[in-house]
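Just so you know, we're using this note's numbering here: the sequence shown kicks off at 2 and counts up by one. Using N, Cα and C, we set each Cβ at its ideal position, and we do this for glycine too.
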Amino acid sequence: MESIRITEVSPRDGLQNQSVSLSTENKLALIRLLVAAGLQRVEITSFVSPEAVPQMADAADLLTRVHQLFPQLQSTVLVPNLRGLERACLAGAREISVVLAATDTMNRKNIKQGLVDATRISQDTVRAAKAMGMRTRAYLAVAFDCPFEGATPLPVLLALAQQMQAAHVDEIVIADTIGSASPGRVRDCLRVLGQAIPMDQMAMHFHDTRGLAAANAWAALEAGVRRFDASAGGLGGCPFAPGAAGNLATEDMVLMAEGSGFQTNIDIGRLCDVIEFAQLKLNSPLGGRSYKWLALQKLKADLSPRVQP
Ligand code: MG
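See the structure below:
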């Protein structure tokens, strides 16, 4: 059976915009449950400025402890620039991601740099990380639509992917930051990018804002992509889409992929434990489209030994 690779992003992407800040102990508990559910790759944290994102202020301590507790786990962390890379390196990071938005305005809002400078910063950071022996990923944010500039032209996206490829990045992550993609646009995007980037160097990061994340993931699967970001319970929103449903839920991705003949090695029952824990600690309801049904199945299975003779 063919496998797909899921990078679980809940500890980073999921937690960074929450009003409730989880303690390092609770983040470790969340990661422990993710590992128990079979997740082999987890985006742990972000080495951004603690003043800008206080939820990630414990990045170095958290990463060190994750490596001690879960030596087999493939950890990945986000770094905004060379300064963040330096901190990540000191904390023992093995893989880093940079984020490059595809439009000028989005980069200015995010990092106060235009597209040209943002591209150079991302390239420099990737080159430096490679020189330190790290694996690298480059997120191309607002790959489909930008909340400020509208639709991202495919030639622009292709050029940015090629510029990151020129810096020898290991993986390009196409991010539908505001959750506006559709399966047809995913197909068109991958047809264009596929001319320059091999499908095994490509990953997708979808948001479920309009309920199409799983459909978009299916379109990417059909186009040959096998690497996906997902977040348990859909944890994580987009600051530009208040009330948005968040990231592609890991449980929806697993259910869709396993039901279509792909292997994930993820125990969906144990994934429900992750979601229950996160709901409790964040005091807010979570769950992808399949979660209510999954939770009911789990409840039935949990009760059955007691009700049956
Ligand atoms: Mg996200």
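Shown here, residue 141 sits in a strand according to DSSP, grouped into three states. It is roughly 8 angstroms from the alpha-carbon of residue 83 to the alpha-carbon of residue 122. Between residue 142 and residue 100, the C-beta gap is smaller than 8 angstroms, which places the two residues in contact.
Rounded to the nearest angstrom, the gap between the Cα atoms of residue 31 and residue 271 is 12 angstroms. Each of 261, 263 and 267 was checked against the Cα of residue 251, and the nearest Cα belongs to 267.
The region 26-104 is shown to contain whole beta strand (DSSP E) runs of 3 or more residues at 42-47, 75-79 and 96-102, in chain order.
CA-CA distance, residue 276 to residue 44, rounds to 17 angstroms. The region 156-186 contains, as complete beta strand (DSSP E) runs of 3+ residues, the segments 172-176 (chain order). Sixteen is the threshold: when 16 or more other Cβ atoms of the shown chains lie within 10 Å of the Cβ of residue 249, as they do, the residue is buried.
Shown here for residue 133: same chain residues with a beta carbon closer than 6 angstroms to its own, the five before and five after excluded, namely 90 in chain order. A residue is called buried when at least 16 other Cβ atoms come within 10 angstroms of its Cβ; residue 65 does not meet this threshold and is exposed. Apart from the 5 residues on each side of it in sequence, residue 60 sits with its Cβ closer than 6 angstroms to the Cβ of 46 and 48 in its chain, given in chain order. Rounded to the nearest angstrom, the gap between the Cα atoms of residue 171 and residue 86 is 16 angstroms. The secondary-structure analysis by DSSP pairs residue 228 across a beta bridge with 6.
For residue 204, same chain residues with a beta-carbon under 6 angstroms away, outside a window of 5 residues either side, are 172, 174 and 228 in chain order. In this model, residue 232 and residue 63 are separated by some 19 angstroms (Cα to Cα). Taken through DSSP and simplified to helix, strand or coil, residue 248 comes out as strand. With 16 or more other Cβ atoms from the protein chains shown falling within 10 Å of its own Cβ, residue 238 counts as buried. Straight-line measurement puts the Cα of residue 17 at about 23 angstroms from the Cα of residue 136.
Within the same chain, Cβ atoms closer than 7 angstroms to the Cβ of residue 95 are found at 76, 135 and 136, the five residues on either side in sequence being excluded. Chain order is used for the residues whose beta-carbon lies nearer than 6 angstroms to a heavy atom of the ligand MG, namely 14, 206, 208, 237 and 248.
Between residue 74 and residue 112, the alpha-carbon positions lie close to 30 angstroms from each other. For residue 115 and residue 104, the gap between their C-alpha atoms comes out near 8 angstroms. Residue environment: residue 303 is assigned as exposed (fewer than 16 neighbouring CB atoms within 10 Å of its CB, all protein chains considered). For residue 129 and residue 297, the gap between their C-alpha atoms comes out near 48 angstroms.
Taking the C-beta atoms as reference points, residue 55 is found no nearer than 8 angstroms to residue 11.
In the three-state reduction of the DSSP assignment, residue 235 falls in the helix class. The beta carbons of residue 209 and residue 180 sit closer together than 8 angstroms.
Nearest neighbour of residue 236 by Cα position, chosen from 256, 260 and 289, turns out to be 289. Within 10 angstroms of the beta-carbon of residue 80 lie 16 or more other beta-carbons, which makes it buried. About 25 angstroms separates the beta carbon of residue 168 from that of residue 207, a gap too long to meet the 8 angstroms contact definition.
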